[in-house]
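Peer 1: Chains as they are written, first to last, in the working numbering: chain A, 150 to 452; chain B, 1041 to 1398; chain C, -6 to 428.
Glycine is no exception: its CB is placed at the ideal position from the N, C-alpha and C atoms.
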Amino acid sequence: MALPKHASTLERIWHYTYLAICALIFLFLIAPILIVIPLSFNAEPYFTFTEKMLNLDPEGYSTRWYDLLLTFGMAAPDAPRDSSWWADVWANAQWVNAAKNSVIIGFFSTLLATVLGTLAALGLSRPEMPFRRAIMAVLISPMIVPIIITATGLFFFYSMTGLANTYIGIIMAHATLGIPFVIITVTATLVGFDHSLTRAAASLGANPTTTFFKIIMPLILPGVISGALFAFVTSFDEVVVVLFVAAHDQQTIPRQMWNGIREQISPAILSVATILVLVSIALLTTVELLRRRSERLRGLSPG
Amino acid sequence: MKKTLVLTTALTGLAFTASAAEVTVMSWGGAYTKSQVEAYHKPFTAETGITVNSVDADNPATPIKAQVEAGNVSVDVADVELSDAIRLCDEGLLEEIDTTLLTAAPDGTPATEDFIDGSLHDCAVANIVWTTLIGYDKDKLGGTEPTSIADFFDLEKYPGKRGMRKAAKTTLEMALMGDGVPAAEVYEVLATDEGVDRAFAKLDSIKDEVIWWEAGAQPPQLLADGEVTMTVVWNGRIFNAIAEEGKPFGLLWDGQIYDLDLFVVPKGAPNKDEAMEFIKFSTATEQLANQASWIPYGPARKSSIEKVGSFHSDPSIDMKVHMPTTEEHLANAVQNDFEFWVDYDAELNERFNAWLAN
Amino acid sequence: MSDAAVFSDITTQTDSLTTADGRPLKAALAAAQARARRRAFFLVLPLLAFVLLTFVAPIGQMLHRSVHNPGFTEHHDIASGAKTPIMVNLRQWFDDNADAAPDETAYAALAADLLVLRDLKAAGNVGTRINYERAGSRSLFTKAARNAKKLEPPYTEAILDLDEDWGDPALWQVMRGASSAYTLNFYLAAIDKTRDAGGNVVAVDEVRQVYVKLFLRTLFLSLLITVLCFVLAFPIAHLLATLPLRYSNLLMIFVLLPFWTSLLVRTTSWIVLLQSEGVLNDAMVATGILADENRIQMMYNQAGTIIAMTHILLPFMVLPLYSVMRPIDKSYVRAARSLGATSWTAFRRIYFPQTVPGIGAGALLVFILAVGYYITPALVGGADGQLISNFIAYHMTKSLNWSLAAALAAILLGGILILYWLYDQLVGIDNLKLG
Chain A
150 MALPKHASTL ERIWHYTYLA ICALIFLFLI APILIVIPLS FNAEPYFTFT EKMLNLDPEG
210 YSTRWYDLLL TFGMAAPDAP RDSSWWADVW ANAQWVNAAK NSVIIGFFST LLATVLGTLA
270 ALGLSRPEMP FRRAIMAVLI SPMIVPIIIT ATGLFFFYSM TGLANTYIGI IMAHATLGIP
330 FVIITVTATL VGFDHSLTRA AASLGANPTT TFFKIIMPLI LPGVISGALF AFVTSFDEVV
390 VVLFVAAHDQ QTIPRQMWNG IREQISPAIL SVATILVLVS IALLTTVELL RRRSERLRGL
450 SPG
Chain B
1041 MKKTLVLTTA LTGLAFTASA AEVTVMSWGG AYTKSQVEAY HKPFTAETGI TVNSVDADNP
1101 ATPIKAQVEA GNVSVDVADV ELSDAIRLCD EGLLEEIDTT LLTAAPDGTP ATEDFIDGSL
1161 HDCAVANIVW TTLIGYDKDK LGGTEPTSIA DFFDLEKYPG KRGMRKAAKT TLEMALMGDG
1221 VPAAEVYEVL ATDEGVDRAF AKLDSIKDEV IWWEAGAQPP QLLADGEVTM TVVWNGRIFN
1281 AIAEEGKPFG LLWDGQIYDL DLFVVPKGAP NKDEAMEFIK FSTATEQLAN QASWIPYGPA
1341 RKSSIEKVGS FHSDPSIDMK VHMPTTEEHL ANAVQNDFEF WVDYDAELNE RFNAWLAN
Chain C
-6 MSDAAVFSDI TTQTDSLTTA DGRPLKAALA AAQARARRRA FFLVLPLLAF VLLTFVAPIG
54 QMLHRSVHNP GFTEHHDIAS GAKTPIMVNL RQWFDDNADA APDETAYAAL AADLLVLRDL
114 KAAGNVGTRI NYERAGSRSL FTKAARNAKK LEPPYTEAIL DLDEDWGDPA LWQVMRGASS
174 AYTLNFYLAA IDKTRDAGGN VVAVDEVRQV YVKLFLRTLF LSLLITVLCF VLAFPIAHLL
234 ATLPLRYSNL LMIFVLLPFW TSLLVRTTSW IVLLQSEGVL NDAMVATGIL ADENRIQMMY
294 NQAGTIIAMT HILLPFMVLP LYSVMRPIDK SYVRAARSLG ATSWTAFRRI YFPQTVPGIG
354 AGALLVFILA VGYYITPALV GGADGQLISN FIAYHMTKSL NWSLAAALAA ILLGGILILY
414 WLYDQLVGID NLKLG
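Next comes the structure, spelled out in structure tokens:
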């Protein structure tokens, strides 16, 4: 993107204007995500920077909203902070319970989506697969169909079958929503997959199971893991289905945030948001590392 | 290792919900739910050992109707407005409640005589009288406080955003009163097509300045955030913002619309017996009087009204003077006409939504 | 491993060839191919069955409600689960008297049915069903059912005495329509149409028209958001595609981090920024751009929906653009320049046309996702920033007119599936990329 030496003045001006525009767009993308981080340490219950915060006065900052995440919903929040206090947090704190639910639902729905999705992607990537295009379209559709339609459909279906207000119901629904991501990432890894490798394995005497675990799996593993992470994030971020089919004791983090945003935006929401931003940074880093590893393995690019 | 840990957690979670007697109570969230938790839920659990799960909704009447009709009821007791209680009962969606089984007053007066008029029904038992009124931010209005409901609609004299509830009920009545219709004639006017047109015409005059809210906890928050300068609000919510958080808010009682909130049990409630037990306990004289010390909603029993004391955290605040039903507050007030809303709720909301979207 | 592959070179040879065990080669090949197809299919089958069960079937069942509403024909007792046919006499009368105005026999049938409604406590439900199409009918039924025992012949007079509205031809038209559980009337309602007393399709009252405008608004806002996404995505995708990989990978974080961040977190952030007393307004007041009393309303209206949704959907535009721009060979543009084109001409005639597939892919994806959006408009949209999904949610959870919600959902879904099909044709679902 370097400017050629022969560029005219006008081109130079345009070039720097262009870079400035890009900088502004990047700012638009990232600023809203980063802005919540300092605000979550606000000592006052406001959403804006107080004078003390701007002067970097330590008094303007506090971790009281993070503390509130632990104490909110506790039976005895003011008790001395010993082991029984922590037990109380673990059992009663609303955000802690929401986090537990989110992790449980996220974990099992990811497991389900990844296993079924990877198997299906293996089938879909074979040239012999009948009705490939139509089946692919059906399997990707949960990503495309408006979530409100999916959620209302599930509400009636689960009410009828007794799956409403159960963990299994939510896990199944979230798995469905995560499947398109697994299929997309795993088939993408399989696009560059060299089928002569499996033939070579077979000709050297490996049975299909051995071939799968020794040859296919290591190669598609990065795709599988990124797909799984996508599926996990999908479940971890999902609120509409939970609104429609979950019971009161199955509130997840986004569900709890939804309540908080509508009724009482306190900086506590911002501290949850900050934690979630850190989680997404961690996930993003993992996916990036995996992608590079995958490209290196398949010799696509130097990364 | 990790897997087993998560699995065990999941299973304990599942097992826990299945055991132990419990009752799920759905209410309106915020300060109101808090008053109920303190005055009803906690003592109920202490006395009976039955766990109370508290669930919030914007208006509990709709989720329980949806649950009953879809055949998937998870709520045992719901706190609903009078018109909704009557309508749901008509549609066969509620369990009947035997009012003769309710707790008698301490002096022995049977419950059926102790409850105020119109607060006991086939499927519903009232617990409080509450009201919808105007709240405002004194700081933002610069010293001139509104004195009549017409001021709410006067954007010139009182500039600034307004907050209103995103529903036809109470909004249309307030529009008519703001347009000069006396409280006593509101429903008469609203029952005519011209009256409805008149109400919407009045709303048109401030439409651009209105921020619509859905949950009762929102309007005090909108005031506190500076999003609005005046808002339609439930009296308990704004009182608590003033008394507990020291907000510079004022209340305008002129044109208030008061109503009952009643306990109902949805048909097919999973813990019907515990639900009846809960209602019986919570609507006893002492509990009702006690809840009034957390939020200024008038108890629905005569014997409780006498026992209303001071605010739970500030003995200098006498709760009696903050009730919707004091003589002073009733000067220009209207009682929510449940018969009117049973008939017109669907129709007027349909028109209201079309109006809102255009 | 794959027999098909081994044999594929010799498929063109004659039938006379046989395999080692003596089978004709053609048959063995066919069998091998069938086996491979089956193997592939069985790998997909578990997932396909799962998705059909947890996704396709529930949606299909929900959409069935848009044409099927037994509110006038069947009473469902919640406690016992029993289903009782209701309005039997009146429905019989409708069957026997096509297009006839109601006479005494019709009112007699109605009176008999009202008695049944009273015993079943079903008047509210029946009234609600009729009320969907004729406002104010609910109370007619509950009131009449309450007085059903007192009704005596001549029934016409007795019922009209209860309420004159019973004589309204429009009411009878609605009851006739509702006497079959299957109806298309909810689709009519979803496009602001109704039937008049003669059964003709007419527009509803102007003050009640809302859905057509809402569909148009949803389309318009989605289009606007798509255009905004394109305008913002193109420059940065271009920058990312032309920078050396080590820089672009770093900058890519700016695109991918929002993509990986919770939707609710991003919506919260926008509330923090856009509120009247939020960061943006405060900053503008502090720097003197705005007077304190002139704070700009950027949230709880359309502006809020547009800004937040553009931010949320932007990565879906950047990623396909980037993947199309990256492989574009710079020498084409250089060649154009050396042949005398200005940089603008070179961009317009040489570079831009090569990015069109990426623009198509990104725009379609963003548009499809925007049309069905729910969460963000619900939280920051106010009254005029609501989209069609929000009204589906309204009828699902507030007004509880589920048939209308299903009809609106069906129309929305139909539109989206057409776009999805278009996407598959133009871009190919296989080419969907995620980071």
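With distances taken Cα to Cα, identify the nearest neighbour of B:D1116 among B:N1389, B:A1061, B:A1231.
Peer 2: Selected option, being the one with the closest Cα: B:A1061.
Peer 1: What alpha helix (DSSP H) runs, 4 residues minimum, are completely inside the stretch 15 to 50 of chain C?
Peer 2: Entirely contained in the stretch 15 to 50 of chain C, the alpha helix (DSSP H) runs reaching 4 residues are, in chain order, 18 to 44.
Peer 1: Among the residues of its own chain, which have a CB less than 8 Å from the CB of B:K1180, if the five just before and after it don't count?
Peer 2: The residues are G1200, G1266, T1269.
Peer 1: Are the beta-carbon atoms belonging to C:N242 and A:E437 less than 9 Å from one another?
Peer 2: It is a contact, given that the beta carbons lie within the stated cut-off.
Peer 1: With burial defined as no fewer than 16 other Cβ atoms inside 10 Å of the residue's Cβ, what is the status of C:F213: buried or exposed?
Peer 2: Its Cβ having fewer than 16 others within 10 Å, C:F213 is exposed.
Peer 1: Please classify C:M(-6): does DSSP put it in a helix, a strand, or coil?
Peer 2: Summary for C:M(-6): the model assigns pLDDT 43, below 50, so the residue's position carries little reliability; its value from the coordinates is reported in the next sentence. C:M(-6): coil per DSSP, three-state reduction.
Peer 1: For B:G1175, which residues does DSSP report across the bridge?
Peer 2: DSSP lists B:T1271, B:L1291 as partners of B:G1175.
Peer 1: Please report the straight-line C-alpha distance between A:Q405 and A:V421, rounded to a whole angstrom.
Peer 2: Cα to Cα, the separation comes out at about 10 Å.
Peer 1: Closer than 9 Å, CB to CB, is B:D1383 near chain C or not?
Peer 2: Answer yes: the Cβ-Cβ gap between B:D1383 and chain C drops below 9 Å somewhere.
Peer 1: CA-CA distance, B:K1209 and B:F1192?
Peer 2: The alpha-carbon atoms of B:K1209 and B:F1192 are separated by roughly 17 Å.
Peer 1: For B:H1362, does the count of other Cβ atoms within 10 angstroms reach 16, so buried, or fall short, so exposed?
Peer 2: Classification for B:H1362: buried.
Peer 1: Just to confirm my understanding: we take B:D1354, look at its own chain, exclude 5 residues before and 5 after, and list those with CB closer than 7 Å. What are they?
Peer 2: These residues qualify, in order along the chain: A1283.
Peer 1: Establish whether the CB of B:D1313 and some CB of chain C are separated by less than 9 Å.
Peer 2: Not closer than 9 Å to any Cβ of chain C, the Cβ of B:D1313 fails to qualify, so no.
Peer 1: Quick one: any contact between the stretch 1292 to 1306 of chain B and the stretch 1139 to 1150 of chain B, if contact means 3 or more CB pairs under 8 Å?
Peer 2: The stretch 1292 to 1306 of chain B vs the stretch 1139 to 1150 of chain B: no contact.
Peer 1: For A:T360, count neighbouring C-beta atoms within 10 Å of its own C-beta (all shown protein chains included) and say buried if the count is 16 or more, exposed if not.
Peer 2: Buried is the call here.
Peer 1: Tell me the rounded alpha-carbon separation between A:A224 and A:R230.
Peer 2: C-alpha separation (whole angstroms): 13 Å.
Peer 1: By the three-class DSSP mapping on this structure, what secondary structure does B:W1252 have?
Peer 2: Strand.
Peer 1: Is C:T303 close to chain B? Criterion is C-beta to C-beta, closer than 9 Å.
Peer 2: No - not a single Cβ of chain B is within 9 Å of the one on C:T303.
Peer 1: Got a sec: which bits of the stretch 1254 to 1271 of chain B sit with their beta carbon under 7 Å from any beta carbon on chain A, in order along the chain?
Peer 2: For the stretch 1254 to 1271 of chain B, which is checked against every Cβ of chain A, the residues closer than 7 Å are A1255, A1257, Q1258, Q1261.
Peer 1: So is B:E1087 in contact with chain C if we call contact Cβ pairs under 9 Å?
Peer 2: For B:E1087, the answer is no, since every Cβ of chain C falls outside 9 Å of its Cβ.
Peer 1: What separation, rounded to the nearest whole angstrom, lies between the Cα atoms of B:P1222 and B:V1273?
Peer 2: The alpha-carbon atoms of B:P1222 and B:V1273 are separated by roughly 21 Å.
Peer 1: Would you kindly check if the distance between the Cβ of C:F43 and the Cβ of A:L265 is under 9 Å?
Peer 2: In this structure, C:F43 lies closer than 9 Å to A:L265 by Cβ.
Peer 1: Starting from the beta carbon of B:N1093, find every residue of chain A whose beta carbon is closer than 8 Å, and list them in chain order.
Peer 2: What B:N1093 touches in chain A: H397, D398.
Peer 1: Report yes if the CB atom of C:N82 is closer than 9 Å to the CB atom of C:A101, and no otherwise.
Peer 2: Closer than 9 Å, so yes.
Peer 1: Nearest to B:N1393 by CA position, among C:V200, C:H61, C:P313, C:F247, is which residue?
Peer 2: Of C:V200, C:H61, C:P313, C:F247, the residue nearest in Cα terms is C:V200.
Peer 1: Do C:A339 and C:Y416 have their C-beta atoms within less than 9 Å of each other?
Peer 2: For C:A339 and C:Y416, no; Cβs fall outside 9 Å.
Peer 1: Between C:L209 and C:Q379, what straight-line distance do the alpha-carbon atoms span, to the nearest angstrom?
Peer 2: Going by the C-alpha atoms only, they are around 12 Å apart.
Peer 1: Excluding the five sequence neighbours on either side, which residues of its own chain have a C-beta within less than 7 Å of the C-beta of C:A(-2), listed in chain order?
Peer 2: Caution is warranted here: a pLDDT of 48 is assigned to C:A(-2), below 50, making its placement in the model unreliable, and no coordinate value can be reported.
Peer 1: Quick one: is C:D275 near chain A, going by C-beta distance under 9 Å?
Peer 2: Taking Cβ atoms only, chain A reaches closer than 9 Å to C:D275, which makes this a yes.
Peer 1: Bridge partners for C:H69 per DSSP, in chain order?
Peer 2: BP columns for C:H69 point to C:K76.
Peer 1: Is C:T5 close to chain A? Criterion is C-beta to C-beta, closer than 9 Å.
Peer 2: Residue confidence for C:T5 is low, a pLDDT of 49 falling below 50, so the modelled location carries little weight and cannot support an answer.
Peer 1: Give a yes or no on whether 9 Å exceeds the smallest Cβ distance from A:L218 to chain F.
Peer 2: In the structure shown, chain F cannot be found, because the protein chains are A, B and C.
Peer 1: Cβ of B:A1058 less than 9 Å from any chain A Cβ?
Peer 2: Below a pLDDT of 50, predicted positions are generally treated as unreliable, and B:A1058, at 44, falls in that range; the measurement from the model is reported next regardless. Closer than 9 Å: no.
Peer 1: In terms of residues, what are the limits of the beta strand (DSSP E) holding A:I365?
Peer 2: Looking at the DSSP string, A:I365 is not in any beta strand (DSSP E), and its letter there is neither H nor E.
Peer 1: Can you find a C-beta in chain C that's less than 9 Å from the C-beta of B:T1102?
Peer 2: By this cut-off, B:T1102 is an interface position.
Peer 1: Do you know whose CA, among B:M1066, B:Y1072, B:T1064, B:G1183, lies nearest B:R1277's CA?
Peer 2: Residue B:Y1072 is the option with its Cα nearest to B:R1277.
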